[in-house]
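First residue of the sequence shown: 21, per our numbering; consecutive thereafter.
We put the CB at the ideal spot given by N, CA and C, even for glycine.
The structure appears below as structure tokens.
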Amino acid sequence: MNRINRHITDNYIRKIKASKKTSKDAKEMTDIDYERISFGLSILLSKVEETLLIGVFFAIRGSLKELIISMIVLKAIRLYAGGIHMKKEYQCFIVTFIYFYSVIFLSEKIYLSSELSIILQAFSYMAVLIHTPIESRLRHITDKKKIILLKIKVTISFILIWISEIILMKYSNLISWSLILILVENIAYECIKLFRDVKKKEATYEKEL
21 MNRINRHITD
31 NYIRKIKASK
41 KTSKDAKEMT
51 DIDYERISFG
61 LSILLSKVEE
71 TLLIGVFFAI
81 RGSLKELIIS
91 MIVLKAIRLY
101 AGGIHMKKEY
111 QCFIVTFIYF
121 YSVIFLSEKI
131 YLSSELSIIL
141 QAFSYMAVLI
151 HTPIESRLRH
161 ITDKKKIILL
171 KIKVTISFIL
181 IWISEIILMK
191 YSNLISWSLI
201 LILVENIAYE
211 CIKLFRDVKK
221 KEATYEKEL
């Protein structure tokens, strides 16, 4: 799959570069622009593959509807907040699969009380808001207005999800767990950041020696 993705991405970039002679926009593109397009396209293709594979598994399990709902919740948040990207595609697949399996399994086995659900979802919202936007390889936003706008959009997403949770009472526990496990993801993000900072400090210390 990686080879197919790379082949499609490389061909697409070659076509854009070939159009430099005729397209004004293509002429103005830099190597960084090409890298961003390549990175974005490769992520898109891997996400399509990932979704299909996970979809097949949960369809066989009889939980396709639950998967779709939890996917909508996750995507509604990640669209503006961003998310953690692993170095390898298979790592992304494993993490994503664990997330959806955990959401569906826990929602089936553990019913949360309204009070506990509200508290945990509030923590999840605050954690996401603090970390929005999560930095990725080619997503480094420093403009304060853009950051504030993304935080507002994340807040709107949460409000819409909460409204959906009230309307879709049958799936309220599933939606609750979907949001709560996003909190776990944010805790994991903090741990990863801490680990990277420690590694950087160690590397700097070794250089000084």
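- Annotation for residue 121: the continuous alpha helix (DSSP H) segment containing it runs 109-129.
- Its chain contains 78 as the residues whose beta carbon lies nearer than 6 Å to that of residue 84, once the 5 sequence neighbours on both sides are disregarded; these appear in chain order.
- With a cut-off of 8 Å on Cβ pairs, the stretch 196-203 is in contact with the stretch 124-135, counting three or more such pairs.
- Distances from the CA of residue 89 to each of 188, 211, 212, 205 were compared; the closest alpha carbon is that of 188.
- Spatial neighbours of residue 86 in its own chain (CB-CB distance under 6 Å, excluding positions within 5 residues in sequence) are listed in chain order as 124, 194.
- Scanning its chain for C-beta atoms nearer than 7 Å, with the 5 sequence neighbours on each side dropped, one finds around residue 145 the residues 178, in chain order.
- With a threshold of 16 other beta carbon atoms within 10 Å, residue 215 falls short and is exposed.
- Annotation for residue 161: 153, 167 place their beta carbon closer than 7 Å to its own, counting only its chain and skipping 5 residues before and after.
- Taking a C-beta distance under 9 Å as the contact criterion, residue 151 and residue 209 qualify as a contact pair.
- Counting other Cβ atoms within 10 Å of its Cβ, residue 119 reaches 16 or more and is therefore classed as buried.
- Contact between residue 173 and residue 149 fails: their C-beta atoms lie close to 11 Å from each other, not under 8 Å.
- By the 16-neighbour rule on beta-carbons within 10 angstroms, residue 68 is exposed.
- In this structure, DSSP gives residue 210 a helical state, which the three-state scheme calls helix.
- Looking only at 218, 82, 202, 71, the smallest Cα-Cα distance to residue 102 is reached by 202.
- When rounded, the separation of the alpha-carbon atoms in residue 183 and residue 219 is 42 Å.
- By the neighbour-count criterion, in which 16 or more other beta carbons inside 10 Å mark a residue as buried, residue 93 falls on the buried side.
- Around the C-beta of residue 133, fewer than 16 other C-beta atoms lie within 10 Å, and the residue is accordingly described as exposed.
- Counting only residues of its own chain and dropping the five nearest sequence neighbours on each side, residue 96 has a CB closer than 8 Å to the CB of 177, 180, 181.
- Contact annotation: residue 192 and residue 137 have beta-carbon atoms nearer than 9 Å.
- Remark: C-beta atoms of residue 66 and residue 109 approach each other more closely than 9 Å.
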